[in-house]
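**Student:**
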Amino acid sequence: MIDVIKLMVVFAGIVIALRKDLFVGYTLFLASLLVAILFNLSIFEILNNYKEVFISHRFLNLLGIIFLITFLGKISKEIGCLDRMVSASKDLKGGARTAAATMPLLVGMMPMPGGALLSAPLVGKVLPREKYSAEFATAVNYWSRHVIEFFWPIYP
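Sequential numbering of the sequence shown, starting at 100, is according to this note's numbering.
1. Check the Cβ-Cβ distances between MET209 and every residue of chain C, and say whether any is below 8 Å.
2. Please return the same chain residues whose Cβ sits closer than 7 Å to the Cβ of ALA233, not counting the five positions on each side in sequence.
3. Could you spell out where the alpha helix (DSSP H) holding ARG228 opens and where it closes?
4. So, with DSSP's three-state summary, where would you put PRO212?
5. For the alpha helix (DSSP H) that ILE104 lies in, which residues bound it at each end?
6. Taking C-beta to C-beta, are PRO203 and VAL222 nearer than 8 Å?
7. For HIS245, which residues of its own chain have a beta-carbon under 7 Å away from its beta-carbon, when the five flanking residues on both sides are left out?
8. Pick helix, strand or coil for ASP190, following the three-state DSSP scheme.
9. Going by beta carbon distance, what residues of the same chain come within less than 6 Å of LEU181, once the five residues before and after it are set aside?
10. Compare the Cα-Cα distances from LEU132 to each of THR201, LEU191, LYS105 and report the closest residue.
11. Rounded to whole angstroms, what's the CA-CA distance from PHE250 to VAL185? Just pull it up for me.
12. Roughly how many angstroms lie between the CA atoms of ILE165 and LYS192, to the nearest whole one?
13. Kindly indicate which three-state DSSP category PRO220 falls into: helix, strand or coil?
14. Closer than 7 Å by C-beta to ALA200: which residues in its own chain qualify, once you throw out the five before and the five after it? Chain order, please.
15. Can the beta-carbon of LEU137 be found less than 8 Å from the beta-carbon of VAL109?
16. Under a Cβ-count criterion, where at least 16 other Cβ atoms within 10 Å of its own Cβ denotes burial, should VAL225 be classed as buried or exposed?
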């Protein structure tokens, strides 16, 4: 029971830090240190765990995938591919809202880590910030990318 209370303290700390607009990376790093302290891990164990994570095949693979997705997005933007996709999708029946749901859906058909890095800029171009909140755009992007998971045959 005491372990659950410790985890609740860490979770509350994360919520408070994010409410105060602390950078998510710093928040999660500090939360991981707090977990280590609350569960009596030595500094050697903490550093060893970080070392193991940073040299693990899965971490390096994920880091490479995220880098390549970001690179693909930047190249697509440079050659105008994203702009053409956005303008073509706005011509769909239903306008910007349909386009905002369709583009992440297509990205979601390619199961990959970091898909939001590719689809979020598309949704951001289709839904102007003056008219739609960032929260709305985020919800549309997330839901549209993941709704296909339940019946898409190639989804892992």
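Every residue, glycine too, gets a C-beta built ideally from N, C-alpha and C.
**Tutor:** Straight from the coordinates:
1. No chain C appears in this structure, which consists of one protein chain only.
2. Correct list: empty, nothing qualifies.
3. First-last for ARG228: undefined, no H or E at that position.
4. Three-state DSSP puts PRO212 in coil, outside helix and strand.
5. ILE104 -> alpha helix (DSSP H) spans 101-118.
6. Result yes, Cβ atoms of PRO203 and VAL222 sit closer than 8 Å.
7. GLY207, listed in sequence order.
8. Note: ASP190 maps to coil in three-state DSSP.
9. Once the five neighbours on either side are set aside, the close Cβ partners of LEU181 are SER175.
10. Nearest of THR201, LEU191, LYS105 to LEU132, Cα basis: LYS105.
11. Rounded to the nearest whole angstrom, the C-alpha separation of PHE250 and VAL185 is 26 Å.
12. Going from the Cα of ILE165 to the Cα of LYS192 covers about 33 Å.
13. If DSSP states are grouped into helix, strand and coil, PRO220 belongs with the helices.
14. Excluding positions up to five away in sequence, the list reads VAL239, SER243.
15. In this structure, VAL109 lies closer than 8 Å to LEU137 by Cβ.
16. That one is buried.
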